[in-house]
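Take a look at the structure set out below.
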Amino acid sequence: MDKILYLLRNWRCRKGKLPHKNNNQSVLTPTTINPEDKAYKTVEDIAIRLDKMDAKNIAVTGPYGSGKSSVILTLRKDYPQYKYLHLSLATLMAYQQERENLDVDKYNDKNNERLNRLIEYSFYNN
C-alpha cells in the first residue's frame with residue numbers, strides 16, 4: 039500500500055500537480071530572530087556574555103527544531119565583530135550503527151574522542 043501511495047504521489051508531482059492541503063505545518067529552516075520576538079532574549083544573553091569577555095567558547099544546545107541555528111544565525115548577523123565556529127555534532131546514530139555494526143558504548147567513545155579533538159583545536163587556534 040505504501041508503495042502505491044508513493045508511486046501515485048510521484049506520478050502527480052511529475053505531472054506538475056502537487057497535492058496541497060491546508061495543514062498548519064511550519065518549516066524548521068533557520069531564520070534570523072526579530073528583536074521584538076521573545077526568543078531574541080537568548081541572543082541578547084549570549085551577546086552579553088561575549089561583551090563581558092568572560093567566555094571565549096559558547097555552546098548552543100537543544101533538541102531538534104528548538105532554534106539553535108536561528109540563534110547562531112542572528113548572532114552572526116547582529117554581532118559580526120566576533121569569530122564564529124559553527125560545529126554540528128548531530129549524527130544519525132541508528133544508520134551508522136547499522137552500517138558499521140557498532141554498539142552504543144563504542145559509538146559514544148568515538149564521538150567523545152572527536153568532540154575532544156574539536157574542543158582542543160578550537161581552544162589552541164583562537
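Under the numbering used here, residues 39 to 164 are what the sequence shown spells out, in order. All residues carry an ideal CB built from backbone N, CA and C; glycine is no exception. All values reported here derive from a predicted model rather than from experimental measurement.
Alpha helix (DSSP H) runs contained entirely in the segment 75-107, provided each spans 4 or more residues: 78-90
Just the Cα atoms here: how many angstroms apart are alanine 77 and proline 68? One-based indexing of the sequence shown puts residue 77 at position 39. One-based indexing of the sequence shown puts residue 68 at position 30. So the two alpha carbons sit approximately 13 Å from each other.
Answer yes or no: do valine 98 and valine 109 have a C-beta to C-beta separation smaller than 8 Å? Locating residue 98 in the sequence shown gives position 60, counting from the first residue. Locating residue 109 in the sequence shown gives position 71, counting from the first residue. Their beta carbons are under 8 Å apart, which means valine 98 touches valine 109 by this criterion.
Burial state of leucine 113 (16 or more Cβ within 10 Å): Taking the sequence shown and counting its residues from 1, one reaches residue 113 at position 75. With 16 or more other Cβ atoms within 10 Å, it is buried.
Tell me whether isoleucine 71 is buried or exposed, calling it buried when 16 or more other Cβ atoms sit within 10 Å of its Cβ. The sequence position of residue 71 within the sequence shown is 33, counting from 1. Isoleucine 71 comes out buried.
From aspartate 147 to isoleucine 84, what distance separates their C-alpha atoms? If you number the sequence shown from 1, residue 147 lands on position 109. If you number the sequence shown from 1, residue 84 lands on position 46. If you take the alpha carbons of aspartate 147 and isoleucine 84, they lie about 30 Å apart.
Assigned secondary structure, threonine 112 (DSSP; H/G/I helix, E/B strand, else coil): Translated into positions along the sequence shown, residue 112 becomes position 74. Helix at threonine 112.
With tyrosine 117 and leucine 88 assumed to form a contact (beta carbons below 8 Å), what rounded beta-carbon distance in angstroms separates them? Counting from one through the sequence shown, the residue named residue 117 turns up at place 79. Counting from one through the sequence shown, the residue named residue 88 turns up at place 50. Indeed they touch by this definition, with Cβ atoms about 7 Å apart.
Counted within 10 angstroms of its Cβ, other Cβ atoms place leucine 111 as buried (16 or more) or exposed: Position 73 of the sequence shown, counted from the first residue, corresponds to residue 111. Classification for leucine 111: buried.
Reducing DSSP to helix, strand and coil, say where asparagine 62 ends up. Locating residue 62 in the sequence shown gives position 24, where the first residue counts as 1. Note: asparagine 62 maps to coil in three-state DSSP.
For leucine 156, name the three-state secondary structure that DSSP assigns. For the purposes of this step, residue 156 is identified with residue 118 of the sequence shown, where counting begins at 1. Of the three classes helix, strand and coil, the one that applies to leucine 156 here is helix, per DSSP.
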